[in-house]
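Chemist: In the working numbering, the protein residues as written are 35 to 426. Backbone N, C-alpha and C define an ideal beta-carbon position, used for all residues, glycine too. Because the structure is a prediction, the values reported are computed rather than measured. Mind having a look at this structure? Questions to follow.
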Ligand code: HEC
Ligand code: HEC
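Listed below in structure tokens is the structure:
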């Protein structure tokens with residue numbers, strides 16, 4: 035209350051004056067304020083002594099019609115209650131998504147600029163910077179359906195038909211690797227679907243687990259002699275510190291970097307001996323180019339993984355792909371055009387990769403890789419260099 039009173043009557047000091055100001059407001063300026071709101075605003079202090087107000091009827095408006103109520107009543111519950119009749123499949127959803135959503139959320143849910151990311155982030159929730167998406171975080175599919183139905187496309191909300199919302203929701207699941215491309219979403223498949231992070235949500239149990247530990251008595255014994263900062267909010271850098279501590283930390287940081295550099299120098303000759311040939315291609319690609327390629331690869335990462343522990347997702351894992359036969363990553367289900375390429379003995383040289391990645395659908399008509407292609411030649415060179423850096 036005091037915050038609000040201060041806000042509305044700046045400069046008044048002392049609780050007595052503030053309550054007086056609140057009376058004045060309640061009586062003169064905002065007489066129609068909603069009762070519960072008035073209570074939170076601290077405007078009802080006087081009501082305690084005054085007789086209960088007589089409710090007034092203003093003879094305005096009319097009861098809502100059933101149709102009007104139905105138009106508002108669009109919420110969907112986790113168990114599917116409230117879902118309309120209808121259905122939609124992944125590929126229909128893809129087209130709708132490209133037309134209505136990709137300008138902001140990116141072709142693969144990776145997001146353009148600072149619009150929200152809709153796909154990926156699996157396994158990142160315990161990282162310093164978790165990526166919370168539908169797939170990595172959201173507990174219920176009903177939220178996805180309802181959110182899209184209610185609020186998207188941003189600026190043109192509630193313009194989609196029920197079938198379209200079903201299809202887009204199916205496609206969002208596909209982008210998050212949660213369903214195959216032949217998935218169809220309807221009331222039945224909805225009811226059978228469980229989001230991967232659902233089990234991590236539970237009812238707030240603090241009343242049982244924590245409140246009992248709160249005594250209300252501040253502990254004033256056994257206090258530490260001096261304050262010592264033992265951990266830092268490093269990412270946002272909000273932990274306060276004095277000058278000496280800041281210098282000590284900077285010095286420690288420099289020392290750490292020096293150790294890393296020395297280690298890198300020491301490790302170099304050994305690495306060269308151990309690996310005499312494997313890295314001929316990427317050796318020409320400088321670290322800058324590879325770093326640029328890593329950025330470009332964000333466009334691919336919704337479907338492809340590289341590096342340690344890379345596995346097949348909606349696209350095959352791409353370690354070692356340079357110089358590798360096409361369509362031949364273990365355990366991946368390729369389209370028939372890729373199976374034909376493999377049978378024909380195609381090998382992924384830099385040139386073949388460049389041709390494929392420039393225009394996947396032209397290069398391999400019928401490919402499952404639904405990716406428009408890279409038009410920028412620098413991006414192309416960079417991403418190929420990046421892929422080349424994952425040679426074994
Ligand atoms: C003009 C840009 C724009 C378009 C087009 C757009 N969105 Fe959004 N979307 C947003 C913004 C902005 C938010 C965040 C809104 C907020 O937080 O209040 C958002 C949030 C979302 C979220 C929630 C993300 C999260 O993790 O909180 C989903 C899901 C979503 N959009 C789906 C879609 C779908 C599906 C479409 C196409 C039918 C679409 N959006 C079209 C801008 C857009
Ligand atoms: C929407 C998902 C998706 C995106 C995004 C995507 N790919 Fe693919 N990629 C696939 C699929 C699926 C295949 C298998 C094609 C098939 O079977 O027709 C594939 C195949 C490949 C292959 C051939 C692998 C092999 O085993 O022969 C390479 C190389 C490749 N993609 C690289 C990339 C690169 C680089 C990018 C980003 C610039 C990218 N892809 C973006 C899904 C994707």
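Of the residues 154, 178 and 184, which one's Cα is nearest the Cα of residue 106?
Modeler: Counting from one through the chain shown, the residue named residue 106 turns up at place 72. Per the Cα distances, 184.
Chemist: Look up residue 194 in the DSSP assignment and say whether it is helix, strand or coil.
Modeler: Within the chain shown, numbered from 1, the residue matching residue 194 stands at position 160. Looking at residue 194 - three-state DSSP - the assignment turns out to be coil, as it is neither helix nor strand.
Chemist: Is residue 205 closer than 7 angstroms to residue 154 when the C-beta atoms are compared?
Modeler: Counting from one through the chain shown, the residue named residue 154 turns up at place 120. Counting from one through the chain shown, the residue named residue 205 turns up at place 171. No; because the gap between Cβ atoms is not below 7 angstroms, this pair is not in contact.
Chemist: In the structure shown, what three-state DSSP assignment does residue 91 receive?
Modeler: Locating residue 91 in the chain shown gives position 57, counting from the first residue. Coil, per DSSP.
Chemist: Which value, in whole angstroms, describes the spacing of the CA atoms of residue 237 and residue 244?
Modeler: If you number the chain shown from 1, residue 237 lands on position 203. If you number the chain shown from 1, residue 244 lands on position 210. One C-alpha to the other measures close to 14 angstroms.
Chemist: State the start and end residues of the unbroken alpha helix (DSSP H) segment that holds residue 133.
Modeler: On the chain shown, residue 133 is found 99 positions in, with the first residue counted as 1. Its alpha helix (DSSP H) spans residues 124 to 134.
Chemist: Beta-carbon separation of residue 420 and residue 327 under 7 angstroms?
Modeler: Residue numbering aside, residue 420 sits at position 386 when the chain shown is read from its first letter. Residue numbering aside, residue 327 sits at position 293 when the chain shown is read from its first letter. Cβ atoms of residue 420 and residue 327: closer than 7 angstroms.
Chemist: Residues in the same chain with beta-carbon distance under 6 angstroms from residue 113, minus the five sequence neighbours each way, listed in chain order, please.
Modeler: Along the chain shown, one-based indexing puts residue 113 at 79. Closer than 6 angstroms at the Cβ level, and outside the excluded window around residue 113, lies no residue.
Chemist: Can you grab the Cα-Cα spacing for the pair residue 130 / residue 248, in whole Å?
Modeler: Here the question's residue 130 lines up with position 96 in the chain shown. Here the question's residue 248 lines up with position 214 in the chain shown. Looking at the two C-alpha atoms, the distance is approximately 53 angstroms.
Chemist: Given this structure, state the Cα-to-Cα distance separating residue 304 from residue 253, to the nearest angstrom.
Modeler: In the chain shown, the residue the question calls residue 304 occupies position 270. In the chain shown, the residue the question calls residue 253 occupies position 219. Low confidence applies to residue 304: its pLDDT is 44, below 50, so where it sits in the model is not reliable, and the reading given next is rough at best. Answer to the nearest angstrom: the Cα atoms are 57 angstroms apart.
Chemist: When the Cβ atoms of the segment 142 to 156 are set against those of the segment 191 to 200, are three or more pairs found closer than 8 angstroms?
Modeler: No, the segment 142 to 156 is not in contact with the segment 191 to 200.
Chemist: Rank 202, 175 and 367 by C-alpha distance to the C-alpha of residue 122 and give the top, closest one.
Modeler: Position 88 of the chain shown, counted from the first residue, corresponds to residue 122. Of the candidates 202, 175 and 367, the one whose C-alpha sits nearest the C-alpha of residue 122 is 202.
Chemist: Indicate the three-state DSSP secondary structure (helix, strand or coil) for residue 322 in the structure shown.
Modeler: For the purposes of this step, residue 322 is taken as the residue at position 288 of the chain shown. Correct three-state label for residue 322: helix.
Chemist: What is the rounded straight-line gap between the Cα of residue 276 and the Cα of residue 266?
Modeler: As a position in the chain shown, residue 276 is number 242, starting the count at 1. As a position in the chain shown, residue 266 is number 232, starting the count at 1. Those two C-alpha atoms are separated by around 14 angstroms.
Chemist: Grab me the residues of residue 44's own chain with a C-beta within less than 6 angstroms of its C-beta, minus the 5 sequence neighbours each way, in chain order.
Modeler: Here residue 44 refers to the residue found at position 10 of the chain shown. Residue placement at residue 44 cannot be trusted, given a pLDDT of 34 that sits under 50; the coordinates are not used to answer.
Chemist: Please list, in chain order, all residues of the same chain as residue 408 whose beta carbon is under 8 angstroms from its beta carbon, the five residues on each side excluded.
Modeler: In the chain shown, the residue the question calls residue 408 occupies position 374. So the qualifying residues of the chain are 330, 333, 391, 392, 414 and 417.
Chemist: Can you tell me whether residue 150 is helix, strand or coil according to DSSP?
Modeler: For this step, residue 150 is matched to residue 116 along the chain shown. Of the three classes helix, strand and coil, the one that applies to residue 150 here is coil, per DSSP.
Chemist: Taking 8 angstroms as the threshold, find out whether the segment 165 to 173 comes into contact with the segment 93 to 110 through three or more Cβ pairs.
Modeler: With the cut-off at 8 angstroms, the segment 165 to 173 and the segment 93 to 110 do not touch.
Chemist: Considering just the uninterrupted stretch of the alpha helix (DSSP H) at residue 374, what are its terminal residues?
Modeler: Taking the chain shown and counting its residues from 1, one reaches residue 374 at position 340. Here the alpha helix (DSSP H) through residue 374 covers 370 to 377.
Chemist: According to DSSP, is residue 207 helix, strand or coil?
Modeler: Counting from one through the chain shown, the residue named residue 207 turns up at place 173. In this structure, residue 207 counts as helix in the three-state DSSP scheme.
Chemist: So, residue 110 versus residue 179, is the Cβ gap smaller than 7 angstroms?
Modeler: Position 76 of the chain shown, counted from the start, is the residue given in the question as residue 110. Position 145 of the chain shown, counted from the start, is the residue given in the question as residue 179. Yes. Within cutoff.
Chemist: Could you give the distance in angstroms between the alpha-carbon of residue 163 and the alpha-carbon of residue 234?
Modeler: Within the chain shown, numbered from 1, the residue matching residue 163 stands at position 129. Within the chain shown, numbered from 1, the residue matching residue 234 stands at position 200. Cα-Cα distance, rounded: 18 angstroms.
Chemist: Ligand 1 and residue 189: does the residue's C-beta get closer than 6 angstroms to at least one heavy atom of that ligand?
Modeler: Here residue 189 corresponds to residue number 155 of the chain shown, with the count starting at 1. Yes, the beta carbon of residue 189 sits closer than 6 angstroms to at least one heavy atom of ligand 1.
Chemist: Can the beta-carbon of residue 369 be found closer than 7 angstroms to that of residue 395?
Modeler: As a first step, residue 369 is located in the chain shown; it is residue number 335 there, counting from the start. As a first step, residue 395 is located in the chain shown; it is residue number 361 there, counting from the start. Not closer than 7 angstroms, so no.
Chemist: Buried or exposed for residue 117, going by 16 or more other Cβ atoms inside 10 Å?
Modeler: Counted from its first residue, the chain shown places residue 117 at position 83. Buried.
Chemist: Looking at residue 360: is its Cβ nearer than 7 angstroms to the Cβ of residue 376?
Modeler: As a working mapping, residue 360 is identified with position 326 in the chain shown. As a working mapping, residue 376 is identified with position 342 in the chain shown. Yes, Cβ-Cβ distance for residue 360 and residue 376 is below 7 angstroms.
Chemist: Say yes only if the C-beta of residue 181 is nearer than 6 angstroms to one or more non-hydrogen atoms of ligand 1, and no if none qualify.
Modeler: Counting from one through the chain shown, the residue named residue 181 turns up at place 147. Yes, since a heavy atom of ligand 1 falls inside the 6 angstroms radius drawn around the Cβ of residue 181.
Chemist: With distances taken between CB atoms, is the gap from residue 363 to residue 344 smaller than 7 angstroms?
Modeler: The residue given as residue 363 occupies position 329 in the chain shown. The residue given as residue 344 occupies position 310 in the chain shown. For residue 363 and residue 344, no; Cβs fall outside 7 angstroms.
Chemist: Could you give the first and the last residue of the continuous beta strand (DSSP E) run that contains residue 219?
Modeler: Along the chain shown, read from residue 1 onward, the residue named residue 219 stands at position 185. Start and end: 218 to 220.
Chemist: Enumerate in chain order the residues of its own chain whose CB-to-CB distance from residue 388 is below 6 angstroms, with the five nearest sequence positions on each side excluded.
Modeler: Here residue 388 refers to the residue found at position 354 of the chain shown. Here the set comprises 414.
Chemist: What residue range is occupied by the uninterrupted alpha helix (DSSP H) comprising residue 428?
Modeler: This structure gives no information on residue 428, because the portion of the chain shown stretches from 35 to 426.
Chemist: Quick check: what's the CA-CA separation for residue 426 versus residue 383?
Modeler: The sequence position of residue 426 within the chain shown is 392, counting from 1. The sequence position of residue 383 within the chain shown is 349, counting from 1. Whole-angstrom Cα-Cα distance: 16 angstroms.
Chemist: Compare the Cα-Cα distances from residue 208 to each of 366, 337 and 278 and report the closest residue.
Modeler: Looking up residue 208 in the chain shown gives position 174. Among 366, 337 and 278, the Cα nearest to that of residue 208 is on 337.
Chemist: For residue 417, verify whether its CB is less than 6 angstroms away from any heavy atom of ligand 2.
Modeler: Mapped onto the chain shown, residue 417 falls at position 383. Checking the Cβ of residue 417 against ligand 2 gives yes.
Chemist: Ligand 2 and residue 404: does any heavy atom of the ligand fall closer than 6 angstroms to the residue's C-beta?
Modeler: Your numbering for residue 404 matches position 370 in the chain shown. Yes; taking the cut-off as 6 angstroms, the Cβ of residue 404 has a heavy atom of ligand 2 nearer than that.
Chemist: Return the residue from the list 101, 157 and 399 that minimises the CA-CA distance to residue 231.
Modeler: In the chain shown, counting from the first residue as 1, residue 231 sits at position 197. Answer by Cα proximity: 157.
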